[in-house]
Every structure is written in C-alpha cells, then in structure tokens.
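A.B. asks:
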Ligand code: ZN
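Residue numbers (my numbering): 1054 to 1466.
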C-alpha cells in the first residue's frame, strides 16, 4: 500500500534530521541529491539500504543524535564480519515498549498473565524487549533467558507461567522435554509468543499440541527496534505491523521493484519516528507479502503474512533457485518425518554436477528406506532435483535456541 501523507511528512522530517546530523546516511543522501520527500514518487527515489551499510558505518556511524541523547545500544549477531551497532534514545526505548505492549494486547495477554521469557538478554535485542512490553502491560515477567532446561521447566511449573516467549526451535525443545518427562498436566501455559524465524506448519502443530497453547508469531529485527514491531491477532490471519511507527514495502529481491499487496517478496521497512538510528527503506531480507483487505479483528494496521524464509537463504542446485522452506513443505508431506532437517550441498568435480543431500528425522515406527524413497520422489517432482537422502532417528539433529542453520554449502570447500 502506498505511503500516506502523514507517513510521508514523517519521512521528510527524518531526512532533515539525518542531513543535519552529518551521519553516514547524510553523506549517502547528499551524494544522491536527496534533500527531502514531498510526494510518494520522491519516496521511491530514496535508495534502499542494507545491513552492509550498517557494517560500513561501524561502530556508531549511523547515530543521528548527539551522544548525550543515546541511552543504550544493541547489536545484531553478524554471522560474518563486523557486528551492527544500533543506538537508541530514551524515546526509541519507550516507543519499542509501546509497540511490544500492543503485541501482547493483540495476543490477548493481560496483567494477570505470567510471561516466561527465554530469548537472550544483553547486546541482542530480544529478551529486554519482551520484558519491557511485559512490564508496560503490567504482567509478571519471568526473565529466564535461554538455556538451562531444568530450571526453565521448574520455573514454568512452580510459577505457573501462562505465556512462553521463545524461538520456535527452543519452544520445540521445551515441548519435547515436557512430553518426555510427562509434565503436561503440571504446566499452565495458554499462549506462546514465538520469534518470527520461518517455521513449518508441522513444527507449529507439534508445539501447539504438545503444550496445549495458542501460538502467535511476533516480528522484528534489531536494526528496526527489535522483536515486537508486529504480531498476528488470534486466528492466524497475518501479523499486524504498526504503521504509526513503520512504513512497510514488499519488493522483488532481485530487481528491487516495489510489488503490489498480495505478492510475495522481500520486506523493506522505513522507521518513521526513530531517533537514535533512523533507517529509511531498510532491506530486511525476510520474505513475506502484505495481505490485502481488512482483518476480521477490526484493527486497521497493515498485515504481513507469516515469514516464508530469507531472501539470502536462497540456494542454487544445478542452477535451480531453492528455499529451505520448500524442502520443509515436502518433509511435511512424508508421514512420520519430524520438522528438523539439514541440507548439504557439494560439487562432484568428476561428474561436474551439484549433489544435494537431505538429512531428515523419522519416528521409530517408520520404514526409513521407504521414507527416503518417498522424499526423493517428492523432491524430484516438486524441485526438479533428486537429492541423496539420509533418514536418522528422532532427536539426532541438533536443536538450537537461536535460529538453526539448515543449509551447508560445501562447494568451494
Ligand atoms: Zn487482526
């Protein structure tokens, strides 16, 4: 949906502030001849920005306020190279908590709830965001941070936690442990607020069933405040994004063309009021689409569909573009396979061809040979690639508390 007048005026103000600050982006915009935005067409002329820019500006080159206004920094976990540092003003911290509190309210969480927070605290934005929103709505925070499953389960049982905040991988791990230990009757969880990494329907169904909870996808990234900038309302109808703080576009990740509502592409976000590190047209590399039409809940915030994957998770086998999410969908079609998997890609130099190897987990009742054969055939018909398949026992593949790496490319090793 096109940027509205109010949002446009806010972007113009951001640009004036950036230009006056002399920060990294002031140089980028001066070089591009950008002095402000008056029309939606002006807005579309602003170049996209990316994590690489934030790295170039390391450590505090994107700061757009004087030092005395910065109250905190966060850092995103760079998988390669330098980390990214994001400075926050007191207002940024407050705005983030306001958005996060909205998320909890949309999920139907009240001051009576007890929220067990398992994402990490510290440089990473996750834990503290979940906590600030919790305190703002007046619920009880149980600030666990990640790991120490024994203690997690003890607190969950003894303190009668009603809400679990976790990555999908960690929620899965806890669900499996609760199942294994027969603790289901002793937990009081009603809702799960799950970080917005891409997760399969099979995993979602397992967690919801084993924990007996309603699940909500919460969206966010460190560069844009952190988690808590959007959440789905009950009924899984897409994640509401708060358009008084953010303007969201969907673009073709290859051409950069802005796509109409309903078409899938990469999410690009503009911060409308962020002070410490304003970002205009930031490429998130998350794949989704804006859902057209009104939500049944009556809220008018625009909605993003569940994240489908990362544009940079795309991998090529024999020149065919693929996403891990496509492999996940296929796994869900084979009876008895879990949602955990690993993809290895190598190059056979002798035959000069790529080799794709999928490792998947199956329940003990399943004939591993048959499952492997079925998986191969499905990949051939749906992806046009026949992989080698290894089926292993349940719980063989590593579970992680953060985002799990699925694709290992050994070409060029
Ligand atoms: Zn809604």
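Don't be surprised by glycine CBs; every beta carbon is placed ideally from N, CA and C.
Can you find a heavy atom of the ligand ZN that lies under 7 angstroms from the Cβ of residue 1127?
C.D. replies: Outside the cutoff, so no.
A.B. asks: Tell me which residues pass a beta-carbon proximity test against the ligand ZN: closer than 6 angstroms to any heavy atom, given in chain order.
C.D. replies: That gives 1286, 1290, 1293, 1348, 1350 and 1352.
A.B. asks: Classify residue 1374: buried if its beta carbon has 16 or more other beta carbons within 10 angstroms, exposed otherwise.
C.D. replies: Residue 1374 is exposed by the Cβ-count criterion.
A.B. asks: The alpha helix (DSSP H) with residue 1213 in it runs from where to where?
C.D. replies: Unbroken run through residue 1213: none, as it is neither H nor E.
A.B. asks: If residue 1113 and residue 1140 are in contact, beta carbons under 8 angstroms, what's the gap, nearest whole angstrom?
C.D. replies: That pair is a contact at about 6 angstroms.
A.B. asks: In the DSSP assignment, find the beta strand (DSSP E) that holds residue 1339 and state where it starts and stops.
C.D. replies: It spans 1335-1341 - the beta strand (DSSP E) in which residue 1339 sits, taken as one unbroken run.
A.B. asks: Helix, strand or coil: how does DSSP classify residue 1364 here?
C.D. replies: In this structure, residue 1364 counts as helix in the three-state DSSP scheme.
A.B. asks: Pick from 1281, 1122, 1365 and 1147: whose alpha carbon is nearest that of residue 1339?
C.D. replies: Among 1281, 1122, 1365 and 1147, the Cα nearest to that of residue 1339 belongs to 1365.
A.B. asks: Which residues does DSSP pair with residue 1129 in a beta bridge?
C.D. replies: Looking at the DSSP assignment, residue 1129 forms a beta bridge with 1137.
A.B. asks: Which two residues bound the contiguous alpha helix (DSSP H) that contains residue 1082?
C.D. replies: Start and end: 1077-1084.
A.B. asks: Give a yes or no on contact between the stretch 1318-1326 and the stretch 1211-1228, applying the rule of three or more CB pairs nearer than 8 angstroms.
C.D. replies: Not touching, per the Cβ criterion.
A.B. asks: Could you say which of 1325, 1188 and 1246 lies nearest to residue 1096 if we only look at CA atoms?
C.D. replies: Nearest of 1325, 1188 and 1246 to residue 1096, Cα basis: 1325.
A.B. asks: Determine the closest residue to residue 1369 out of 1394, 1185, 1359 and 1407, with distance taken between C-alpha atoms.
C.D. replies: Minimum Cα distance to residue 1369 is reached at 1407.
A.B. asks: For residue 1054 versus residue 1343, is the C-beta distance shorter than 8 angstroms?
C.D. replies: Yes. Within cutoff.
A.B. asks: Output the distance between the C-alpha atoms of residue 1135 and residue 1102, rounded to the nearest integer angstrom.
C.D. replies: For residue 1135 and residue 1102, the distance between alpha carbons rounds to 17 angstroms.
A.B. asks: Roughly how many angstroms lie between the CA atoms of residue 1254 and residue 1383, to the nearest whole one?
C.D. replies: If you take the alpha carbons of residue 1254 and residue 1383, they lie about 11 angstroms apart.
A.B. asks: Whole angstroms are fine: how far does the CA of residue 1274 sit from the CA of residue 1111?
C.D. replies: Distance between the alpha carbons of residue 1111 and residue 1274: 18 angstroms.
A.B. asks: What does the alpha-carbon distance come out to for the pair residue 1204 and residue 1460?
C.D. replies: Straight-line Cα distance between these residues: approximately 32 angstroms.
A.B. asks: So, with DSSP's three-state summary, where would you put residue 1120?
C.D. replies: The answer is helix: DSSP assigns residue 1120 an H, G or I state.
A.B. asks: Residues in its own chain within less than 7 angstroms of residue 1399 by CB, not counting five upstream and five downstream?
C.D. replies: Excluding residues within five positions, the ones whose Cβ falls inside 7 angstroms are 1408, 1463 and 1464.
A.B. asks: So who's on the other strand from residue 1321, going by DSSP bridges?
C.D. replies: Answer by DSSP bridge pairing, in chain order: 1302 and 1336.
A.B. asks: Determine whether the beta carbon atoms of residue 1357 and residue 1292 lie at a separation below 8 angstroms.
C.D. replies: Going by C-beta atoms, residue 1357 is nearer than 8 angstroms to residue 1292.
A.B. asks: Going along the chain, which residues of its own chain have a beta-carbon closer than 6 angstroms to the beta-carbon of residue 1073, five neighbours each way excluded?
C.D. replies: Same-chain partners within the cutoff: there are none.
A.B. asks: Would DSSP call residue 1330 helix, strand or coil?
C.D. replies: Note: residue 1330 maps to coil in three-state DSSP.
A.B. asks: If I'm right that residue 1376 touches residue 1367 with Cβ under 8 angstroms, what's the distance once you round it to whole angstroms?
C.D. replies: Indeed they touch by this definition, with Cβ atoms about 6 angstroms apart.
A.B. asks: Report the three-state DSSP secondary structure of residue 1196 (helix, strand or coil).
C.D. replies: Residue 1196 falls in the strand class under three-state DSSP.
A.B. asks: Should residue 1328 go down as buried or exposed, given a rule of 16 or more other Cβ atoms within 10 Å for buried?
C.D. replies: Looking at its Cβ environment, which holds 16 or more other Cβ atoms inside 10 Å, residue 1328 is buried.
A.B. asks: Could you tell me whether the stretch 1197-1217 touches the stretch 1228-1242, where touching means 3 or more Cβ pairs closer than 8 angstroms?
C.D. replies: In short, these stretches touch, since the Cβ pair count reaches three.
A.B. asks: What residue ranges within the stretch 1399-1436 form continuous alpha helix (DSSP H) runs of no fewer than 4 residues, ordered along the chain?
C.D. replies: Within the stretch 1399-1436, the complete alpha helix (DSSP H) runs of at least 4 residues are 1421-1436.
A.B. asks: Can you list, in chain order, the residues of its chain whose CB lies under 7 angstroms from that of residue 1349, leaving out five sequence neighbours each side?
C.D. replies: Taken in chain order, the residues that qualify are 1288 and 1290.
A.B. asks: So what's residue 1452 in DSSP terms, helix, strand or just coil?
C.D. replies: Coil, per DSSP.
A.B. asks: How do the stretch 1182-1199 and the stretch 1267-1282 stand: do at least 3 beta-carbon pairs fall below 8 angstroms, yes or no?
C.D. replies: In short, these stretches touch, since the Cβ pair count reaches three.
A.B. asks: Rounding to the nearest angstrom, what Cα-Cα distance links residue 1270 and residue 1402 in this structure?
C.D. replies: Cα to Cα, residue 1270 sits roughly 43 angstroms from residue 1402.
A.B. asks: Taking its Cβ as the centre, do 16 or more other Cβ atoms sit within 10 Å of residue 1433, making it buried, or is it exposed?
C.D. replies: Burial call: exposed.
A.B. asks: Would you list the one or two residues that DSSP bridges to residue 1390?
C.D. replies: The partner list for residue 1390 (beta bridge, DSSP) reads 1415.
A.B. asks: Ends of the alpha helix (DSSP H) at residue 1234?
C.D. replies: It spans 1221-1234 - the alpha helix (DSSP H) in which residue 1234 sits, taken as one unbroken run.
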